[in-house]
Amino acid sequence: MNDISILAKNLTKKFGNYTAVDNVNLNIKEGEIYGFLGPNGAGKTTSIRMLTGTLTPTEGEISILGLSMSKSELDIKRAIGVVPDEPKIYEGLRGREFLDFVIGVYRLEKNDVLPRIEELTSAFDVDYLEDYIGDYSHGMSQKLMLISVLMRQPKVLFLDEPTVGLDARASRILKELLNKYAEEGCTVFLTTHVLEIAEKMCHRIGIIDDGRLIAEGSLEELRHLSHEGHTSLEDLFLELTGNEDVGDVVEALQ
Ligand SMILES: Nc1ncnc2c1ncn2[C@@H]1O[C@H](COP(=O)(O)OP(=O)(O)OP(=O)(O)O)[C@@H](O)[C@H]1O
Ligand SMILES: [Mg+2]
86 MNDISILAKN LTKKFGNYTA VDNVNLNIKE GEIYGFLGPN GAGKTTSIRM
136 LTGTLTPTEG EISILGLSMS KSELDIKRAI GVVPDEPKIY EGLRGREFLD
186 FVIGVYRLEK NDVLPRIEEL TSAFDVDYLE DYIGDYSHGM SQKLMLISVL
236 MRQPKVLFLD EPTVGLDARA SRILKELLNK YAEEGCTVFL TTHVLEIAEK
286 MCHRIGIIDD GRLIAEGSLE ELRHLSHEGH TSLEDLFLEL TGNEDVGDVV
336 EALQ
């Protein structure tokens with residue numbers, strides 16, 4: 086089945102007179118890994134916050150797993166997993182207490198979840214669940230956040246720059262896990278500035294610039310959009326977002 090997991094129609098967000106997300110349409114299938122790329126301030130995080138129900142769109146409709154965000158926000162939140170760009174985790178709790186808190190909030194069956202926590206902590210080399218989160222480094226908190234989301238086995242995963250702060254090993258493990266989950270039918274929507282991740286992992290890539298989705302497709306399809314014959318995603322990205330003048334900029338700085 087090729088069910089649509091993430092659907093957005095004319096998604097728009099205005100902050101005052103400023104349009105951060107401008108009429109974006111998304112149609113992402115079950116089991117797809119979709120990479121959402123764009124320069125700083127392009128509207129990626131704002132889009133994710135709307136798609137995950139933490140920010141109300143100014144205009145447009147969202148449907149996740151066939152459920153309408155305006156009617157079934159809670160059901161959607163129960164079914165999805167979100168790894169935000171700046172995870173807010175309670176500094177006064179120990180890692181284990183935070184996981185217990187998530188288990189309680191989502192009313193998960195502890196006996197089902199504990200083996201998954203074991204697997205994930207061992208995969209990510211997390212041996213600090215008994216320590217206070219306030220004493221964690223950024224990467225350590227990020228790994229805890231990932232475990233708290235992945236242990237729930239959500240059907241749709243939204244990850245905003247998930248590899249920031251992760252070391253090479255943890256980053257590789259995460260990539261392998263996301264591939265495995267996608268093969269099992271999980272839909273993955275991720276933003277990243279690491280173009281290599283998008284290039285290697287994503288089935289489709291969407292490029293957002295100034296709030297507008299300016300290009301979308303597989304890497305192969307995006308290559309056809311290049312007027313310059315670019316083949317690497319970095320060159321394509323810079324061409325499509327009108328940032329090809331980096332050489333001139335560096336020269337001007339010397
Ligand atoms: N709450 C807000 N109030 C006003 N403007 C906002 C708000 N949130 C975001 N913006 C603006 O919306 C635009 C898009 O921001 P967003 O965080 O979505 O960008 P991004 O693509 O995630 O960038 P980055 O790659 O730096 O994470 C930016 O110009 C930002 O200043
Ligand atoms: Mg962002």
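Read in order, the letters of the sequence shown correspond to residues 86 to 339 in my numbering. Every residue gets a Cβ at the ideal spot worked out from N, C-alpha and C, and that includes glycine. All figures in this text were calculated on a predicted structure; none of them were measured in a lab.
Would you be able to state if there are at least three C-beta pairs under 8 Å between the segment 264-275 and the segment 92-100? Contact fails: fewer than three Cβ-Cβ distances are below 8 Å.
Beta-bridge partners of V106, as assigned by DSSP: Checking the DSSP bridge columns, you'll see V106 partnered with K98.
From M225 to T137, what does the alpha carbon distance come to, in whole angstroms? Cα-Cα distance, rounded: 24 Å.
Give me the residue from P169, K156, I89, T104 with the minimum Cα distance to T277. Checked all of P169, K156, I89, T104; the closest Cα to T277 is P169.
How long is the line joining the alpha carbons of I133 and A283, rounded to whole angstroms? Their backbone Cα atoms lie some 17 Å apart in a straight line.
Where C287 and D185 are concerned, what is the direct C-alpha to C-alpha distance, given to the nearest angstrom? The straight-line gap from Cα to Cα measures roughly 32 Å.
Start and end of the alpha helix (DSSP H) containing S207? 195-208 is the span of the alpha helix (DSSP H), which, as asked, contains S207.
On the criterion of 16 or more Cβ atoms from any shown chain inside 10 Å, does T316 qualify as buried, or is it exposed? Its Cβ having fewer than 16 others within 10 Å, T316 is exposed.
For Y175, which of helix, strand or coil comes out of DSSP? Here Y175 sits in coil by DSSP.
Close beta carbons around G120, own chain, < 8 Å, minus the five adjacent residues each side: Taking C-beta separations shorter than 8 Å and ignoring five residues to either side along the sequence, the partners of G120 in its chain run L275, T276, T277, I282, A283, M286, C287, R289, I290, G291, following chain order.
Give me, in chain order, the residues of the same chain whose beta-carbon lies closer than 8 Å to that of M86; leave out the 5 immediate sequence neighbours on both sides. In this prediction, M86 scores a pLDDT of 47, lower than 50, which makes its location untrustworthy; the coordinate-derived value is nonetheless stated afterwards. E115, listed in sequence order.
What is the DSSP secondary structure of D61, reduced to helix, strand or coil? This structure cannot speak to residue 61, because the chain is shown only from 86 to 339.
Whose C-beta lies closer than 8 Å to the C-beta of H312 among residues of the same chain, with five residues either side of it excluded? So the list reads E324, once near-sequence residues are dropped.
Pull up the distance between the alpha-carbon of E182 and that of R163, whole angstroms please. Taking the straight line from one Cα to the other gives about 20 Å.
Collapsed DSSP secondary structure at D333 in the structure displayed: In the structure shown, the three-state DSSP call for D333 is helix.
Buried or exposed: E306, going by 16 or more other Cβ atoms within 10 Å of its Cβ? Per the 10 Å Cβ criterion, exposed.
Please determine whether the Cβ atom of N102 lies at a distance below 6 Å from any heavy atom of ligand 4. By its list of ligands, the structure shown excludes ligand 4, since it contains just ligand 1 and ligand 2.
Cβ-heavy atom distance, K129 to ligand 1, below 6 Å: It does: the Cβ of K129 is within 6 Å (strictly closer) of some heavy atom of ligand 1.
What does N112 pair with, by DSSP beta-bridge criteria? Per DSSP, L92.
Restricting to Cα atoms, I'd like to know which of N112, I118, I89, L193 is closest to K260. It is I118 whose Cα lies nearest to the Cα of K260.
Just to check my reading of the structure: L242 and V273 have Cβ atoms closer than 8 Å, yes? What is that Cβ distance to the nearest angstrom? Correct: roughly 5 Å between the Cβ atoms.
Ignore the nearest five residues each way along the sequence and tell me which others in G219's own chain have a CB closer than 8 Å to its CB. Around G219, the same chain offers E176, G177 as residues with beta carbons nearer than 8 Å, after the five sequence neighbours per side are excluded.
Please state whether DSSP places D160 in a helix, a strand or coil. D160 falls in the helix class under three-state DSSP.
Between A127 and the rest of its own chain, which residues show a CB-CB distance below 6 Å, the 5 nearest in sequence each way excluded? Excluding positions up to five away in sequence, the list reads I293, D294.
Opposing strand residues paired with S132 [DSSP bridges]: DSSP lists no partner for S132.
For A283, is the beta carbon positioned less than 6 Å from some heavy atom of ligand 1? No, Cβ of A283 sits at least 6 Å from all heavy atoms of ligand 1.
Quick one: does the C-beta of D107 sit closer than 6 Å to a heavy atom of ligand 2? Closer than 6 Å to some heavy atom of ligand 2: that does not describe the Cβ of D107.
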